[in-house]
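Going left to right, the sequence shown walks through residues 10 to 383 as this note's numbering numbers them.
Ideal Cβ placement from N, Cα and C applies to all residues, glycine included.
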Amino acid sequence: EPVAAYVQTLKKELTLIQARLPDGVMLEHLHWGGGTPTLLEPQMIADLAGAIFEVAPLGPGAQFSVEIDPTEIDGPRLDALAAAGLNRASIGVQDFDPMIQEVIGRPQSYEVTKAAVDGLRERGIRSLNVDLLYGLPHQTEARITDSVNKVISLGPDRIALFGYAHVPWMSKRQQLIPTDALPSPEARLDLYNVARGLFVGAGLQEIGIDHFAKPDDGLAIAHRKGTMHRNFQGYTEDKSPALIPVGASSIGRFPQGYAQNEPSTSKYQERVRAGELATVKGHVFAGDDLVRARIIELLLCDFRADLGAVAAEHGEALERIVAMADGLEEALPGATTLEGGVLTILDDARPLARIVAQYFDAYDMSSARHSQAV
10 EPVAAYVQTL KKELTLIQAR LPDGVMLEHL HWGGGTPTLL EPQMIADLAG
60 AIFEVAPLGP GAQFSVEIDP TEIDGPRLDA LAAAGLNRAS IGVQDFDPMI
110 QEVIGRPQSY EVTKAAVDGL RERGIRSLNV DLLYGLPHQT EARITDSVNK
160 VISLGPDRIA LFGYAHVPWM SKRQQLIPTD ALPSPEARLD LYNVARGLFV
210 GAGLQEIGID HFAKPDDGLA IAHRKGTMHR NFQGYTEDKS PALIPVGASS
260 IGRFPQGYAQ NEPSTSKYQE RVRAGELATV KGHVFAGDDL VRARIIELLL
310 CDFRADLGAV AAEHGEALER IVAMADGLEE ALPGATTLEG GVLTILDDAR
360 PLARIVAQYF DAYDMSSARH SQAV
């Protein structure tokens, strides 16, 4: 059975990782994602959690989050997740409009989603993240208003409002979506602003470029304290120096650089069963990688970067760091200010934050095809 075989491979990979870890490692954050972990049978959930905690137990106050597919989850699976220590759930909604769901191939009614949320709360799992998309095919201001109001009614602690990425050269399903079904860049921004206004009006704290949270949520608190970070999945209050990837295609970050596991499930299983770590590619930090990464993170988290503090943190001359911003004003006139060594994205230009941050990416492949940044 493919799912059972995959779980066995995950457990084997965990033993390979354990052999290379120092003693006393504890988890600050455990996340099951990258697909549909709630497809696992209840016993598989228990076995996998047990295998992970043999390698590294959850530390005090640790967060254990799982991406929940409301169309797959049921009572026994929820029971198994709760017994394993789940304390935060993430649900992808995208949009509740039936026509949009049909076009993007994600049927998931509000009623089914609410049933999953109720099931989580009945088991004491109070922390809930919801992902919503703007810029979807056929999405209108009326449709996104309806979806946002339904999301708010679920009472999530955090909401990620991501822009729909139309990449038909990577997705066969998206090749079936006519271009004229997509909102224009101006309409995308309008859709975002409609959703943003509703979330803020509901008392949620706006966080960075695409998140909202209840004021007492850990992410909102970290944002106010200036201790928030951003990783592959969005904003986080996690301060761990190492993100260990487990499973096919997973990506990790370490003080030395990035590492990615084999993306092909079959090849991933072959490597691990042969007793090899699944890592097939990575990037070793060199030159000014860490300086640039820190500036990008600060701009995306706080819309400002104290270049003097970054210089001091990395033992670099301020003049050299400031020089990285040369030409930014010409490239994006009126979007930023640079005063006293502090680079700030102006309020009206915050929708351009990704583009401003991209200016500091030495590996930017802007000539390649990519989805819209706004």
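task = For A60, collect the residues of the same chain with a Cβ closer than 6 Å to its Cβ; drop the 5 residues on either side in sequence, then sort them by chain order.
result = K20, L23
ask   = Any idea what DSSP makes of Q117, helix, strand or coil?
value = coil
query = Is D156 buried or exposed, if buried means 16 or more other CB atoms sit within 10 Å of its CB?
reply = For the record, residue 156 in the displayed sequence is Ser; it is not Asp. Buried, because 16 or more other Cβ atoms sit within 10 Å of the Cβ of S156.
task = Indicate the three-state DSSP secondary structure (helix, strand or coil) for H292 in the structure shown.
result = strand
request  = State the start and end residues of the unbroken alpha helix (DSSP H) segment that holds D315.
outcome  = Careful: D315 lies outside any alpha helix (DSSP H), inside the beta strand (DSSP E) at 313-315.
Closest by C-alpha distance to S136, when choosing among I113, I168, G114 = I168
key: Cβ shell of K123 (< 7 Å), same chain only, five flanking positions each side left out   = Within the same chain, Cβ atoms closer than 7 Å to the Cβ of K123 are found at L163, the five residues on either side in sequence being excluded.
query = Where does the unbroken alpha helix (DSSP H) through E338 begin, and where does it stop?
reply = 337-340
ask   = Which residue or residues does DSSP assign as beta-bridge partners of F171?
value = L142
task = Give me the Cβ distance between E76 and G42, rounded to the nearest whole Å; I'm assuming they're in contact under 8 Å.
result = 4 Å
request  = Drop a sphere of 10 angstroms on the beta-carbon of N270, count the other beta-carbons inside from all chains shown, and report buried for 16 or more, exposed for fewer.
outcome  = buried
Same chain, Cβ closer than 6 Å to S64, five either side skipped, listed in chain order = Inspection of the sequence shows that residue 64 is occupied by Val rather than by Ser. Within the same chain, V64 has close Cβ partners L23, Q27.
request  = Throw me the rounded Cβ distance for the L170 and Y119 pair, which I believe falls under 8 Å.
outcome  = Contact doesn't hold; Cβ gap of about 18 Å is too wide.
inquiry  = Looking at the secondary structure, which residues open and close the beta strand (DSSP E) in which Y267 lies?
reply    = Annotation for Y267: the continuous beta strand (DSSP E) segment containing it runs 266-270.
query = DSSP beta-bridge partners for F263?
reply = F263 is bridged by DSSP to G266.
inquiry  = Would you call the stretch 47-56 in contact with the stretch 301-318, where contact means no fewer than 3 C-beta pairs closer than 8 Å?
reply    = With fewer than three CB-CB distances shorter than 8 Å, the stretch 47-56 does not count as touching the stretch 301-318.
query = What number of angstroms, rounded off, separates the C-alpha of L39 from the C-alpha of F312?
reply = 28 Å
query = If you count every other CB in all the chains shown that lies within 10 Å of the CB of T188, and 16 or more means buried, which is it?
reply = Exposed: under 16 other Cβ atoms inside 10 Å.
ask   = Taking P165 as the reference, which of Q367, I134, I330, P192 has the closest Cα?
value = I134
request  = With a threshold of 16 other CB atoms inside 10 Å of the CB of M53, please say whether the residue is buried or exposed.
outcome  = Buried, by the Cβ-count rule.
request  = Please classify P194: does DSSP put it in a helix, a strand, or coil?
outcome  = If DSSP states are grouped into helix, strand and coil, P194 belongs with the helices.
message = If you follow the beta strand (DSSP E) that R97 is in, where does it begin and where does it stop?
response = 97-103
query = Which residues does DSSP pair with W41 in a beta bridge?
reply = V75
inquiry  = Measuring straight from C-alpha to C-alpha, what distance separates Q265 and A326?
reply    = 22 Å
task = State buried or exposed for F105, treating a residue as buried only when at least 16 other CB atoms are found within 10 Å of its CB.
result = Flag for F105 reads buried.
ask   = Excluding five sequence neighbours on each side, which residues of the same chain lie with their C-beta closer than 7 Å to the C-beta of E150?
value = D199, L200, V203
query = Taking D247 as the reference, which of A257, S258, I230 has the closest Cα?
reply = I230
query = Can you name, in chain order, every residue of its own chain whose Cβ lies under 6 Å from the Cβ of V331, other than the five neighbours on each side?
reply = L316
query = Can you tell me whether V12 is buried or exposed, with buried defined as 16 or more other CB within 10 angstroms of its CB?
reply = exposed
ask   = Distance, Cα to Cα, I253 vs A340?
value = Approximately 37 Å, taken between the alpha carbons.
Cα-Cα separation between I218 and Y244, rounded to whole angstroms = 10 Å
query = Shortest alpha-carbon distance to F2 belongs to which of A98, R86, P85, A89?
reply = Examination of residue 2 is not possible in this model, given that the chain is present from 10 through 383 alone.
message = Report the CB separation of I216 from H238 in whole angstroms; it is logged as a contact under 8 Å.
response = No, I216 and H238 are not in contact; Cβ-Cβ is about 12 Å, not under 8 Å.
ask   = Over what stretch of residues does the beta strand (DSSP E) that includes E348 continue unbroken?
value = If you look at E348, you'll find it in the beta strand (DSSP E) that goes 345-348.
ask   = What number of angstroms, rounded off, separates the C-alpha of F208 from the C-alpha of I109?
value = 21 Å
message = Can you check which of these residues, L286, R363, A358, P250, is closest to I304 by C-alpha distance?
response = R363
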